[in-house]
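> One structure is given below, represented as structure tokens, and several questions about it will come after.
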């Protein structure tokens with residue numbers, strides 16, 4: 011009788027754990043952004059707030075390294091001392107979209123372009139050169 015009792019408790023605990031994990035996974039937001047405009051806005055906010063946790067899901071970067079890459083990217087960005095940063099959508103001559111990051115430092119204006127990619131109707135920043 012005791013063995014059945016403990017078996018029942020163990021089985022209930024296992025089922026509870028599986029339900030908990032399933033619910034947590036289902037509540038995780040999809041990576042990337044639902045539109046190019048959303049990608050621009052979320053990237054702009056991540057830069058402005060220096061928020062690596064907000065930046066990480068926007069990157070087309072291997073999951074194993076995306077946390078450290080996002081932190082390193084924002085640390086390097088902060089070292090430049092950027093002011094009045096804006097992120098805009100622009101296009102190549104071929105029509106492919108890019109994100110343009112414009113701003114100023116104490117000594118000069120800067121602008122750089124980031125390639126973006128769409129995968130399964132989700133938009134990501136990709137760090138391949140926008141050739």
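Numbering (the numbering used here), first residue to last: 11 to 141. Using N, Cα and C, we set each Cβ at its ideal position, and we do this for glycine too.
Measure the beta-carbon distance from residue 98 to residue 110 and round it to whole angstroms, keeping in mind my assumption that it falls under 8 Å.
Contact flag correct, Cβ pair sits at about 5 Å.
> Using a Cβ-Cβ cutoff of less than 8 Å, which residues in the same chain neighbour residue 88 once the five nearest sequence positions on both sides are dropped?
Within the same chain, residue 88 has close Cβ partners 60.
> For residue 14, collect the residues of the same chain with a Cβ closer than 6 Å to its Cβ; drop the 5 residues on either side in sequence, then sort them by chain order.
Contacts found: none.
> Cutting at 8 Å between CB atoms, please list the residues of its own chain near residue 84, excluding the five before and the five after it.
Around residue 84: 56, 57, 60, 61, 62, 65.
> Could you check the C-alpha separation between residue 125 and residue 106 for me, to the nearest Å?
C-alpha separation (whole angstroms): 9 Å.
> Return helix, strand or coil for residue 54, following the three-state DSSP convention.
Helix at residue 54.
> Got a sec? Which residues, its chain only, sit under 8 Å from residue 108 by beta carbon, not counting five neighbours each side?
If we look at residue 108 and ignore the five residues flanking it on each side, its Cβ neighbours are 99, 100, 101, 102, 123, 124, 125, 126, 140.
> So, helix, strand or coil for residue 72, using DSSP?
DSSP places residue 72 in coil when its eight states are reduced to three.
> Between which residues of its own chain and residue 115 is the CB-CB distance below 8 Å, once the five residues before and five after are set aside?
The answer, listed in chain order, is 90, 91, 92, 93.
> Return the CA-CA distance between residue 29 and residue 117, expressed in angstroms with no decimal places.
Using only the alpha carbons, I get a separation of about 56 Å.
> On the criterion of 16 or more Cβ atoms from any shown chain inside 10 Å, does residue 22 qualify as buried, or is it exposed?
Residue 22 is exposed by the Cβ-count criterion.
> Does the beta-carbon distance from residue 133 to residue 45 come in below 8 Å?
Their beta carbons are under 8 Å apart, which means residue 133 touches residue 45 by this criterion.
> With DSSP run on the structure shown, which of helix, strand or coil describes residue 106?
Of the three classes helix, strand and coil, the one that applies to residue 106 here is coil, per DSSP.
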